[in-house]
Structures are given as structure tokens and as C-alpha cells.
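The opening residue of the sequence shown carries number 233 in the numbering used here; numbering runs sequentially from there.
Taking it in order: structure first as C-alpha cells, then the write-up.
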Amino acid sequence: MPPTALATLPSAFAAACRLSRTEGELFERCRMALVRRFQSEFIWLTLVSPTEHMPRVGPARQFETAQEVARLGSGETEVVIHADPAVAGEMRAVAMPLALGLSVVLELRSILLERQAALDDAVFQLRALRQVARLLSSVHSIEDTEQLILDFMAEVFFAWWACLYRPEGEAYVPKVFRSLNDRLRPAPIDRPALDRALPTGSAATGAEDVAVAALIGPGAELVVPLDAGSERMAVLVLGSRISDKLYGRAELELAGTLSFAAAIALKNSELVEQLHSAATTDELTGLYNRRALEERLAAEISRSLRHQLH
């Protein structure tokens, strides 16, 4: 096969990258481009890397007689082509076009992995936003909302521990706490000092902020203020991630988006409880009014019917 017949190999490999959604699919499509040009099914592609393992791409049989025909590396990663002896000589004769094709494969592989990582992040963020939408669409008590926010944020970021602080007087008091390790419940945080270090409207920040880190103590890696306009509803502190990954730019941006929704959920729950209190409490005496007593009576009747109480 003349070298001119291989001039389209890089283009074929580029097309393989555009059509592929996974790394394995990319290498299989590239292998099929070689199969079509050399008219042999017995061609294999192997990725050699000290940090990852990918199964050899090609037929399961006859590899023991295959010969190496081309190899190209990028950093510590190499792509190796093996072929049946019947076509190995022909492929070695056009090693330069094959090497160029392999360089395209390695470059496009890195692009594919980056694109897949970005897609995974986007899908993950979309799912997180859907969960927030569900949280906002239903009304819960203040305590339930606090617990929902803490559980949701901790699970979104796969944090070992998380704590939701609410403002009370001169301190941010830990109201809800969860831990998957032996982390002890955190102590209150100096409210004026944290408000100076992290003013209302601030974005989520990592532990590298020295002023904030000194206030929240060791072990915390992400601090997320929950602000509804000019009012700080709460502060969420997350520990290290179970995956051992750091909180990067994407996580900080996601935390900022989710924090606004969480702050609105907290504000809504407070307003609902205030409205319910106003509707069921006598303004002069502060005692439950007739509506409250009727609701309580209905609840007790319902409970007795459920449990067959007489």
C-alpha cells in the first residue's frame, strides 16, 4: 500500500475522536481505520501507562504471534500497534504516517478525557440543581430544612463531615452536624469576626483563606455562606472529601449556586413558621387560638384512628 493511501489516517483518527464518547471507543474506532486500510482484522492497539490500565483493543485470538510495528509516546503514556506477521512488514514500511496517526490519537485522547470530565461535572451539577429545585418546591419546618441542606450539601461534595451554623447573638452556633469519621462536634464561631473576614455577599471560600481558617478551626476545607440578600441565614462548613480530591474552581462555583438556593429555602421556612404562628396564636394573650386547637384536635383524632386507639 503506497504511503499516499495512508495520508487520510490522521483524518480518520480525528473523526474517530469526534464520534467517540469513551476512551475505549476511541481506540476501537482508530483500530478499525487501520483494519480497513491494511485489510486485516488482526491489528491491536495497546495503551501503556504507569498510572492507568486499559485492556488491549483488538481480537482475543492470535495476539501471541503478533509483531510490534509502531510505538509513540507522550510523557509517560505510549500507544503501541501490533499486527499479524502477514501485514506487519507492510505496516513497518509506512511507519512515518502511522507515527503521525498515533500522535493524533494521543492528542485527541487527552482532549476526549478532558471533555468527558467536563461533561461529568456538568451532569453532576445539573442533578444537584434539580435536587435543590425539589427542596425549594416543598415547605418544611426550620429544623427539617436545616437537616436537608446539611445532608444534601455534604453528599453533593462527598464530604467526610459537615456542620451548619446559625447566627445567635454574638456567635454562629452549630445547629446541625454530621460526620462519617471520628470528627467531634465543632465549637461556636465568633460572629462579628467571621462577618468581617467573610462579609455578606461573599463567595464560598477554601481553607487557604488564613483569616477564615483561623476562626473555623483545623480540618475545615470549604466555607459556604448562605446569604439571602443582605441577611446571612447560616454558614456551612465542610471537611475534606471522601475521594481525597481538593475543592477546585468548579466546586466553588457549584457551592455558590447551591448556597443561594439553600439560603432562600431557610428564609422560606422561617416565613412559613411565622405565618403559621400568627394564624394560630392570639395576639393579646400569646395562647393558641381556636384554629390552633381545632388543628390539634384533628391531628389527635387522626392519630387515634391510625393506631386504633379508643
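Every residue, glycine too, gets a C-beta built ideally from N, C-alpha and C.
Remember, predicted model here, so these are calculated numbers, not experimental data.
| Check | Outcome |
| --- | --- |
| Can you tell me which residues form a DSSP beta bridge with residue 399? | 404 |
| Hey, could you find the ends of the alpha helix (DSSP H) residue 374 is sitting in? | 374-388 |
| Quick one: residues in its chain with C-beta nearer than 7 Å to the C-beta of residue 312, no 5 flanking neighbours on either side, listed in chain order? | 278, 280, 300, 303 |
| Taking residue 423 and residue 399 to be in contact with their CB atoms under 8 Å, please state how far apart those CB atoms are, rounded to whole angstroms. | 6 Å |
| Does DSSP put residue 326 in a helix, in a strand, or in coil? | coil |
| Per DSSP, residue 300 forms a beta bridge with which residues? | 314 |
| Thinking just about the alpha-carbon of each residue, which of 263, 413, 505 is nearest to the one in residue 275? | 263 |
| In the DSSP output, which residue or residues are listed as bridge partners for residue 421? | 404 |
| Between the Cα of residue 404 and those of 443, 344, 348, 468, spot the shortest distance and give me the residue it belongs to. | 468 |
| If residue 496 sits next to residue 460, beta carbons under 8 Å apart, how far is it from one beta carbon to the other, in whole angstroms? | 6 Å |
| Counting only runs of 3+ residues fully inside the stretch 440-505, write out the beta strand (DSSP E) ranges in chain order. | 452-460, 463-471 |
| Which residues in the same chain have their Cβ closer than 8 Å to the Cβ of residue 473, if we skip the five residues on either side of it in sequence? | 389, 390, 391, 392, 453, 479 |
| Per DSSP, what are the beta-bridge partners of residue 410 in this structure? | 394 |
| Tell me whether residue 465 is buried or exposed, calling it buried when 16 or more other Cβ atoms sit within 10 Å of its Cβ. | buried |
| Residue 463 and residue 499: beta carbons closer than 9 Å? | yes |
| According to the neighbour-count rule (16 or more other Cβ atoms, all chains shown, within 10 Å of its Cβ), is residue 245 buried or exposed? | buried |
| Check residue 243 in the structure and name its three-state DSSP category. | helix |
| To the nearest whole angstrom, what separates the beta carbons of residue 394 and residue 410, a pair I think is in contact under 8 Å? | 6 Å |
| Can you tell which of 375, 310, 315 has the C-alpha that lies nearest to the C-alpha of residue 290? | 315 |
| Do residue 385 and residue 494 come within 9 Å of each other at the CB atom, strictly closer than that value? | yes |
| Going by Cα to Cα distance, which pick from 470, 273, 305 is closest to residue 295? | 273 |
| With 16 as the cutoff for other CB atoms within 10 Å, does residue 378 come out buried or exposed? | buried |
| Quick check: the Cα distance between residue 252 and residue 243, rounded to an integer number of angstroms? | 14 Å |
| On the DSSP bridge list, what partners appear for residue 275? | 315 |
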